[in-house]
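To start, the structure itself, in structure tokens.
In UniProt numbering, the protein residues as written are 1 to 497.
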């Protein structure tokens, strides 16, 4: 049996006298990918930061090649061959790729920085990973998210990292970029690098990982070979409920009513020929590949990038929506894809965030909404330290609940959801699904975009598939992933099922 590179035994961590990590153990073997899963708050990030040298453990020990280590700073971890690629990258946007890779340890020649040597070494590292398309002289700020992530990995390899932790590495990647990351991980595996892989996307965990460790509430639940588990078993360990509870059935009494929104021949510079009708109480899922026009459709309805041709009706009356405020006044809400950038004011309290839309659109209702929001937070099962807590300090799932509360306070008739469960744990996902069912029962029309095809199939009454800015097929909710992908890629003729 291969000896582990890194061994963590009985790791413990306290914050302000409260223990948040309760004796967690972990082994990483060379050339293996070890999945680390659990709900938000399970202890994954704390464990990763201990390994990375960001936090110092309060108990237990950590060894590399059997030798005891105690990192007090990320530089100490890097010197020992341990690197972490966090969700928030540490690249300097105005520096080149090569400058970022060798930041703080630039090679010198005759007393001057050896720029050519630095670029040459960076190019060799990129080529070794099978990524020859990123110029070492390119500015980091001009790269895609996937390319920036690869630069972070190259940076780790340039210091001889033998252990690389990856925190939600695909959260902001398009499908084709995920494929590139898979290829990079396979190259790392071949080089004997040990990878700790943290993700809420269970498909990736099973695609990539040899071993899976489950954490819950700061404690170790299990560690098993991935081949011995399936999604249902993994979900039960993570959240204590069966996977069948993921996608709840429509609430009893839900009825499909009259059309809430009707679009005929809608178009703009990115969309063309959009015919869409969504009825009260109906959940319509929008599927398609990245760049197919899904987000652009929601933005057009909401007036962020409005339709320039065609007609739009809301509750049977013609509507002209050229600005988001007009959409909100007509009862349309948009939960955007990027909650941190466009959904929240991160340095404001959760109460102020929940009042953002009301204050902007219906200021006279602010006081009444202020009284209602605590109850709304409670119904959403928001976990916080109080209404004055800053939004930036919440977990991803709780941040998403604040975004939802912001729009629910307006009592919308039409809710547009763009990747509503991206980057949140399975428990928080179930809470979002239950909310969608509750809104539908109240007669709200819901349009939901998701890159997770099982989510679309599990929640939608019917599915519209987009490609190249057009709706190219409609599928019923009893379809399968293969059929959706076939329409999305053009492998099948336009489908009406």
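All C-beta atoms in this analysis are idealised placements derived from N, C-alpha and C, irrespective of residue type, glycine included. Here the structure is a predicted model, which is why all the values come from computation and not from measurement.
Beta-bridge pairing of residue i - partner residues as DSSP gives them
{"i": "residue 508", "result": "Missing from the structure shown is residue 508; the chain here goes from 1 to 497 and no further."}
{"i": "residue 445", "result": "414"}
{"i": "residue 167", "result": "198"}
{"i": "residue 409", "result": "Answer is none; residue 409 lacks a bridge partner."}
{"i": "residue 259", "result": "279"}
{"i": "residue 237", "result": "Residue 237 is not bridged to any residue."}
{"i": "residue 102", "result": "DSSP, once it has assigned bridges, lists no residue as partnering residue 102."}
{"i": "residue 7", "result": "27, 63"}
{"i": "residue 37", "result": "214"}
{"i": "residue 390", "result": "349"}
{"i": "residue 21", "result": "13"}
{"i": "residue 113", "result": "108"}
{"i": "residue 150", "result": "Per DSSP, none; premise fails for residue 150."}
Own chain, CB closer than 6 Å to residue i, minus 5 neighbours either side, in chain order
{"i": "residue 177", "result": "146"}
{"i": "residue 131", "result": "150"}
{"i": "residue 424", "result": "396, 397, 400"}
{"i": "residue 6", "result": "28, 64, 163"}
{"i": "residue 216", "result": "38, 42"}
{"i": "residue 276", "result": "263"}
{"i": "residue 259", "result": "277, 279"}
{"i": "residue 281", "result": "254, 255, 256, 257, 440, 443"}
{"i": "residue 497", "result": "Residue confidence for residue 497 is low, a pLDDT of 41 falling below 50, so the modelled location carries little weight; the figure read from the coordinates is stated next. Only 475, 476 meet the Cβ criterion."}
{"i": "residue 285", "result": "448, 456, 460, 463"}
{"i": "residue 296", "result": "270, 271"}
{"i": "residue 14", "result": "58"}
{"i": "residue 418", "result": "295, 298, 336, 337, 449"}
Neighbourhood of residue i by C-beta, 7 Å cutoff - its chain only, sequence neighbours within 5 removed
{"i": "residue 155", "result": "100, 101"}
{"i": "residue 86", "result": "167"}
{"i": "residue 54", "result": "74"}
{"i": "residue 114", "result": "107, 108"}
{"i": "residue 202", "result": "231, 234"}
Reduced DSSP secondary structure (H/G/I, E/B, other) of residue i
{"i": "residue 465", "result": "strand"}
{"i": "residue 66", "result": "coil"}
{"i": "residue 503", "result": "Residue 503 lies beyond the range of the chain shown here (1 to 497); nothing can be said about it."}
{"i": "residue 250", "result": "coil"}
{"i": "residue 73", "result": "coil"}
{"i": "residue 470", "result": "strand"}
{"i": "residue 440", "result": "helix"}
{"i": "residue 494", "result": "Below a pLDDT of 50, predicted positions are generally treated as unreliable, and residue 494, at 43, falls in that range; no measurement from the model is reported."}
{"i": "residue 485", "result": "helix"}
{"i": "residue 479", "result": "coil"}
{"i": "residue 453", "result": "helix"}
{"i": "residue 96", "result": "strand"}
{"i": "residue 83", "result": "strand"}
{"i": "residue 266", "result": "strand"}
{"i": "residue 131", "result": "coil"}
{"i": "residue 139", "result": "strand"}
{"i": "residue 274", "result": "strand"}
{"i": "residue 366", "result": "helix"}
{"i": "residue 374", "result": "helix"}
{"i": "residue 397", "result": "helix"}
{"i": "residue 173", "result": "coil"}
{"i": "residue 2", "result": "coil"}
{"i": "residue 51", "result": "helix"}
{"i": "residue 358", "result": "helix"}
{"i": "residue 159", "result": "coil"}
{"i": "residue 419", "result": "coil"}
{"i": "residue 32", "result": "coil"}
Residue i CB to nearest heavy atom of the ligand FMN below 7 Å
{"i": "residue 103", "result": "Among the components modelled here there is no ligand, and therefore nothing to report on the ligand FMN."}
Anticipated Cβ contact below 8 Å, residue i with residue j, distance rounded
{"i": "residue 401", "j": "residue 382", "result": "5 Å"}
{"i": "residue 404", "j": "residue 355", "result": "Between residue 355 and residue 404 the Cβ distance is about 14 Å, and since that is not below 8 Å, they are no contact."}
{"i": "residue 416", "j": "residue 447", "result": "5 Å"}
{"i": "residue 330", "j": "residue 319", "result": "6 Å"}
{"i": "residue 209", "j": "residue 31", "result": "About 13 Å separates the two Cβ atoms, so there is no contact after all."}
{"i": "residue 235", "j": "residue 426", "result": "6 Å"}
{"i": "residue 472", "j": "residue 487", "result": "6 Å"}
{"i": "residue 52", "j": "residue 80", "result": "In fact, because the Cβ distance is near 11 Å, the residues do not count as touching under 8 Å."}
{"i": "residue 312", "j": "residue 343", "result": "Not quite, the Cβ-Cβ distance comes to about 24 Å (not below 8 Å), so this is no contact."}
{"i": "residue 257", "j": "residue 443", "result": "6 Å"}
{"i": "residue 332", "j": "residue 274", "result": "Incorrect: roughly 16 Å between the Cβ atoms, too far for contact."}
{"i": "residue 468", "j": "residue 292", "result": "7 Å"}
Nonlocal neighbours in the same chain, by C-beta distance under 8 Å from residue i, ignoring five residues either side
{"i": "residue 56", "result": "50, 70, 71, 72"}
{"i": "residue 361", "result": "325, 328, 329, 410"}
{"i": "residue 438", "result": "251"}
{"i": "residue 494", "result": "For residue 494, the predicted model reports a pLDDT of 43, less than 50, meaning its position is unreliable; a value from the coordinates is still stated below. Hits under 8 Å: 472, 473, 487."}
Residue i at chain B interface by Cβ criterion, 8 Å
{"i": "residue 112", "result": "Protein chains in the displayed structure number just one, and chain B is not present."}
Ignoring anything shorter than 4 residues or poking outside the stretch 181–233, list the alpha helix (DSSP H) runs there in chain order.
-> 202–208
Please list the segments of the alpha helix (DSSP H) lying wholly inside the stretch 277–356, counting only runs of 4 or more residues, in order along the chain.
-> 294–302, 324–329, 350–354
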